[in-house]
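Residue numbers (our numbering): 14 to 617.
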């Protein structure tokens, strides 16, 4: 069960990166093309962006360079993600980062010259080109925060250095940490990041689960000070950048590109911390009663409600669930799902050095790629449906929009992915009246979809907010501070119903999202939207589906508020969030009732 080297995994369980570059020499040739294109761009346009016409001409060439860069960057990142221990991948990544830093510095003049154009010239260019309207609008929005061209050039040149904390975090986590075996019931079991998160954390055997937890967090503790220093370096970089650019707070700086105000951000955290917590404490109590656990601890929260009913599912068997549940999205979407399997868009393998969790990378001009470590549980099917939601989003937006219009705000990014989880759950519920099956499906929604997005990531967001409040006050963080903040958030949410035992405070070490701005809270924001839209799809069918597909195709041409409105949801009020919290409470009500039914049927 221990993780095998990448060289030993089955080819059919890996993604096909040849759709990006057929060979390493093709990739190297692309780097030469990028260098030459950047040189020509600088030569042709530096000092010559003087009006709307020259701006639009330059933008076409600028976009063409980005369309060359994106597949190369994706190729490098995916290779590193599949095996962080591979030194060739590490060196390739470093070389690409260096090229990007040099290229960014060489082209940094362009945005500076655009910013210096009179407002009427920028507006005229916006009117003349739909492809570049959003990009130019953002240039106008960012104008007050633009620095002197030479300063922008220096910052661009240092980009790979400024991004280093994230790379350091990954190397520490996925290369340096070597987890020892742990003992339970007189047996030895292997441990790793992927094994713990994919297997042991949900193991129904309490002794084994807690032993794995103890061993996992003891290893994390060995690296807490290095990881905290790495994170503090990242935070101080963000604070310095925020100050240099004239933002009042780090929050304002990080929310600027999301196109949402502080009110939407704070509401998501405050309401869930206060109003969802009582529902989730009931869920924890239900788990405790069903499993006869002496006292509910943090290590017990991921145990399935009915593990004996949890079907093991192969990759091949997952197709049936995915195709049937998501067919409601129409023929074009279904064709994309089929292609994802046939053309090996997904990396299913479990191997040493592979990135933890799951993600979808959607390079413009090429199909999406998905990373997941398949363990064979039903949870994997929900995770895959989630990532295919991202894939379906960008499959649609990349075809409908230009390269600068395709990507929506981070605030909206998790709505299409969590939508697919809701569609999967609705499909499963629709196909059975058996109390045990219904309980298992609803428990899957609560334990996977809502726990993950509304609890795990939201608690990360509540902790992250406390961290940034310290940074805004001119302070720094270390392991002791981060542990205290994380423990405080966990204890506030779970109250006296769950014991937050030693090690839980180190959960902040597990999440790479902290290096991606104010990302964690967007999961619950996206799921709030998708919960409301999935209800519409259940009630209205095709008209609601067609509106949702229009939202996907809109990409980044609308703000999050506008995109949600297109789908029939008003996120400027707290009504959708309160309704979603009530919906989760209703699901837990159903679990309690179904548990009583199952128990009665068992006795009978």
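Note that the Cβ used here is the ideal one computed from N, Cα and C, for glycine as well.
### Task
Take residue 491 and list the residues in its own chain whose beta-carbon comes closer than 8 Å to its own, dropping the five residues that flank it on each side.
238, 241, 242 and 245
### Query
Between the beta-carbon of residue 309 and the beta-carbon of residue 511, is there less than 8 Å?
yes
### Task
Give the C-beta separation of residue 399 and residue 353 to the nearest angstrom, bearing in mind that I take them to be a contact with Cβ-Cβ under 8 Å.
The Cβ separation is near 13 Å, so there is no contact.
#### Entry: Three-pair Cβ contact test at 8 Å for the region 398–417 versus the region 367–379
yes
### Task
Output the boundary residues of the alpha helix (DSSP H) element that contains residue 149.
143–155
### Message
According to DSSP, is residue 310 part of a helix, a strand, or is it coil?
### Response
strand
### Message
For a test of the three-state rule: what should DSSP assign to residue 82, helix, strand or coil?
### Response
helix
### Message
On the criterion of 16 or more Cβ atoms from any shown chain inside 10 Å, does residue 433 qualify as buried, or is it exposed?
### Response
buried
### Task
Note down, in chain order, each residue of its chain lying with its Cβ closer than 6 Å to the Cβ of residue 290, except the 5 sequence neighbours on either side.
506
### Query
residue 384 lies in the beta strand (DSSP E); which residues open and close that run?
382–384
### Message
For the alpha helix (DSSP H) containing residue 220, name the first residue and the last one.
### Response
219–235
#### Entry: Helix, strand or coil at residue 191 [DSSP, three-state]
coil
### Task
Mark residue 87 as exposed unless 16 or more other C-beta atoms lie within 10 angstroms of its C-beta, in which case mark it buried.
buried
### Query
Just to confirm, are residue 424 and residue 273 a CB contact at a threshold of 8 Å?
yes
### Three or more C-beta pairs below 8 Å linking the region 212–223 and the region 533–549
no
### Query
Which of helix, strand or coil does DSSP assign to residue 331?
helix
#### Entry: Minimum C-alpha distance to residue 85 - residue among 118, 113, 513 and 315
113
### Query
Does DSSP classify residue 427 as helix, strand or coil?
coil
### Query
Is there contact between the region 311–320 and the region 452–459, where contact requires at least three CB pairs shorter than 8 Å?
yes
### Task
From the DSSP output, in three-state form, read off residue 200 for me.
strand
### Task
Starting from residue 359, follow its DSSP beta bridges and name the residues at the other end.
383
#### Entry: Euclidean distance between Cα positions of residue 6 and residue 363
The shown model of the chain, from 14 to 617, leaves out residue 6, and the question about it has no answer.
### Message
So, for residue 332: in the same chain, excluding its five sequence neighbours on each side, which residues have a beta-carbon less than 7 Å away from its beta-carbon?
### Response
354
### Query
Would you report the Cα separation of residue 215 and residue 572, rounded to the nearest angstrom?
38 Å
### Task
Work out the CA separation of residue 147 and residue 17 for me, nearest whole Å.
46 Å
### Query
Which residues in the same chain have their Cβ closer than 8 Å to the Cβ of residue 381, if we skip the five residues on either side of it in sequence?
353, 358, 373, 374, 375, 403, 404, 407 and 408
### Query
Between residue 82 and the rest of its own chain, which residues show a CB-CB distance below 7 Å, the 5 nearest in sequence each way excluded?
47
### Query
Between residue 366 and residue 19, is the Cβ-Cβ spacing less than 8 Å?
yes
### Query
Would you say residue 244 reaches chain C, if we count a Cβ-Cβ gap shorter than 8 Å as a contact?
Chain labels in this structure do not include chain C; a single protein chain is all it has.
### Query
Who does residue 364 pair with in a DSSP beta bridge?
17
#### Entry: residue 53 classed as buried or exposed, judged by whether at least 16 other C-beta atoms fall within 10 angstroms
exposed
### Task
Evaluate residue 200 with the Cβ neighbour count: other Cβ atoms within 10 Å of its Cβ, from every protein chain shown; 16 or more gives buried, anything less gives exposed.
exposed
#### Entry: Rounded distance between the beta-carbons of residue 607 and residue 448, thought under 8 Å
5 Å
### Task
Look up residue 212 in the DSSP assignment and say whether it is helix, strand or coil.
coil
### Task
State buried or exposed for residue 174, treating a residue as buried only when at least 16 other CB atoms are found within 10 Å of its CB.
exposed
#### Entry: Neighbourhood of residue 8 by C-beta, 8 Å cutoff - its chain only, sequence neighbours within 5 removed
The first residue shown for the chain is 14 and the last is 617, placing residue 8 beyond what the model contains.
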